[in-house]
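Yeah, the sequence shown ends on 908 if you go by my numbering, and it's all consecutive.
Take a look at the structure set out below.
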Amino acid sequence: MMHRAKRSLGQNFLQDPNVAQKIVRVFDAKPDEAVVEIGPGKGALTALLLQSIPHCTVIELDNELAPFLQEQFGEKITVIHNDILSVSLTELREQLGKPIRLLGNIPYNITTPILFHVVDSLPAVKDFMVMMQTEVAQRIVAKPRTKEYGILSILLQYFSTPKMQFQVSKNSFFPIPNVSSAIVHLDFEKPFPNRAQNEALFRKIVRGTFGKRRKTLRNGLKGLDVPVTEFEKLSVDLELRPEELSVADFVQLSNELIHCAPQILNTATEEVDG
Ligand code: SAH
Numbered sequence: 635m636m637h638r639a640k641r642s643l644g645q646n647f648l649q650d651p652n653v654a655q656k657i658v659r660v661f662d663a664k665p666d667e668a669v670v671e672i673g674p675g676k677g678a679l680t681a682l683l684l685q686s687i688p689h690c691t692v693i694e695l696d697n698e699l700a701p702f703l704q705e706q707f708g709e710k711i712t713v714i715h716n717d718i719l720s721v722s723l724t725e726l727r728e729q730l731g732k733p734i735r736l737l738g739n740i741p742y743n744i745t746t747p748i749l750f751h752v753v754d755s756l757p758a759v760k761d762f763m764v765m766m767q768t769e770v771a772q773r774i775v776a777k778p779r780t781k782e783y784g785i786l787s788i789l790l791q792y793f794s795t796p797k798m799q800f801q802v803s804k805n806s807f808f809p810i811p812n813v814s815s816a817i818v819h820l821d822f823e824k825p826f827p828n829r830a831q832n833e834a835l836f837r838k839i840v841r842g843t844f845g846k847r848r849k850t851l852r853n854g855l856k857g858l859d860v861p862v863t864e865f866e867k868l869s870v871d872l873e874l875r876p877e878e879l880s881v882a883d884f885v886q887l888s889n890e891l892i893h894c895a896p897q898i899l900n901t902a903t904e905e906v907d908g
């Protein structure tokens, strides 16, 4: 079809059939699974998916591409013509009757909001195979004490097992993007083994302390209105900076702070995605 790529919708269509094949092969969808593709575009991945499964659901925002896809694939797909960020994955999971397997080469400018949308929909989503900017992929799999390690690393390593699958050349897309890309797999069925007793509190502490990256934990916790009288009860060294704490350390810290949760949960923290 004639379609002019829309920059506003982050459209970089996969052109290289070998890359598309590889993504779908690694994703390995089975006929009885509830597969949902985000941002299918002209159907580069959809067509390959439908070689191994009889049906899938696609979520596409573009006014021309949504009807085009329906016409192209007919009854084999259910098209949700909407913004992924407005689609309730929890309701979709109810309709489909089983946890969702997500796949998508999605717009880079909304990668982080989409990741948070998916995390907020758990346990509706089983796993997510997603194309993203290499730099964001590196942040997701980063280890403590590196410059890439941050909120995204901790939250995704807490809620899933993230795996960097492979790099994708810029030349595999049209139009050619400015940044290099990578495919990441997030397995939400294998979350971090230690659990936070209050996940809202855990997220708040991660966000609140990393918001001030150069500050020590002591100062970060003060900023969250944790009473100084609580500090001596904590087992973690408060002179450390947030990037020196592992996921396990953050889980433990949030569990130790649980009895002063009311104050912390009322403290506003910026929604930063660093
Ligand atoms: N998956 C296709 C297209 C990638 S381009 C391929 O690999 O070729 C990204 C796609 O996401 C485009 O089709 C774009 O229209 C769609 N898109 C952009 N913003 C979206 C949103 N908020 N919700 C759903 N789809 C969106």
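Glycine residues also receive a C-beta, built at the ideal position from the N, C-alpha and C atoms.
- Only residues of its own chain outside the window of five on either side were considered, and among them Gln772, Arg773, Ala776 have a CB closer than 6 Å to the CB of glutamate 782, listed in chain order.
- Sequence-distant Cβ neighbours of glycine 731 in its own chain, meaning closer than 8 Å and more than five residues away, are Ala668.
- In this structure, alanine 678 and leucine 723 do not form a Cβ contact; the two beta carbons are roughly 23 Å apart against a cut-off of 8 Å.
- Going by beta carbons, glutamate 705 and proline 674 fall outside the 9 Å limit.
- Closer than 8 Å to some heavy atom of the ligand SAH: that describes the Cβ of lysine 640.
- In the displayed model, alanine 830 falls within coil according to three-state DSSP, outside both helix and strand.
- Contact between lysine 760 and glutamate 823 holds, with the beta-carbon distance rounding to 6 Å and staying under 8 Å.
- The stretch 647-663 and the stretch 800-816 touch, with three or more beta-carbon pairs separated by less than 8 Å.
- Taken atom to atom, the span from the alpha-carbon of leucine 736 to that of leucine 683 is near 12 Å.
- Inclusion of isoleucine 892 and glutamine 831 in the CB contact set at 9 Å is warranted, their separation being smaller than that value.
- Sorting Leu643, Tyr792, Cys690, Pro747 by C-alpha distance to the C-alpha of aspartate 666 places Cys690 at the top.
- By the Cβ test, the stretch 843-855 is in contact with the stretch 866-882, since at least three Cβ pairs between them sit closer than 8 Å.
- Within the same chain, and ignoring the five residues on either side of valine 813 in sequence, the residues whose Cβ sits closer than 8 Å to its Cβ are Tyr742, Gln767, Thr768, Glu769, Lys804.
- If you check the C-beta of methionine 765 against the ligand SAH, you find a heavy atom less than 8 Å away.
- Boundaries around glycine 738 are those of the beta strand (DSSP E), 734-739, since no alpha helix (DSSP H) includes it.
- Taking the CA atoms as reference points, isoleucine 785 sits about 14 Å from serine 794.
- By the beta-carbon neighbour count (other beta carbons within 10 angstroms, threshold 16), leucine 820 is buried.
- Not one heavy atom of the ligand SAH lies closer than 8 Å to the C-beta of asparagine 812.
- With a cut-off of 8 Å, the C-beta of alanine 681 is classified as distant from the ligand SAH, since no heavy atom of the ligand falls inside that distance.
- Non-local C-beta neighbours of glutamate 698 in its own chain, meaning closer than 7 Å and more than five positions away in sequence, comprise His637, ordered along the chain.
- For glutamate 873, the shortest C-beta to heavy atom distance toward the ligand SAH is 8 Å or greater.
- In chain order, Leu684, Pro688, His689, Cys690 place their CB closer than 8 Å to the CB of lysine 710, counting only its own chain and leaving out the 5 sequence neighbours on each side.
- In the DSSP assignment, glutamate 705 falls within the unbroken alpha helix (DSSP H) covering 699-707.
- Rounded to whole angstroms, the Cβ separation of valine 713 and alanine 700 is 5 Å, and the two are in contact under 8 Å.
- Around the beta carbon of arginine 779, a 10 Å sphere encloses fewer than 16 other beta carbons of the protein chains shown; the residue is thus reported as exposed.
- Under the rule that a run must span 4 or more residues, the alpha helix (DSSP H) segments found entirely inside the stretch 844-894 read 851-857, 862-865, 881-890.
- For lysine 804, the distance from the CB to the nearest heavy atom of the ligand SAH is not below 8 Å.
- Arg829 is the residue among Arg829, Val764, Leu858 whose C-alpha sits nearest the C-alpha of leucine 789.
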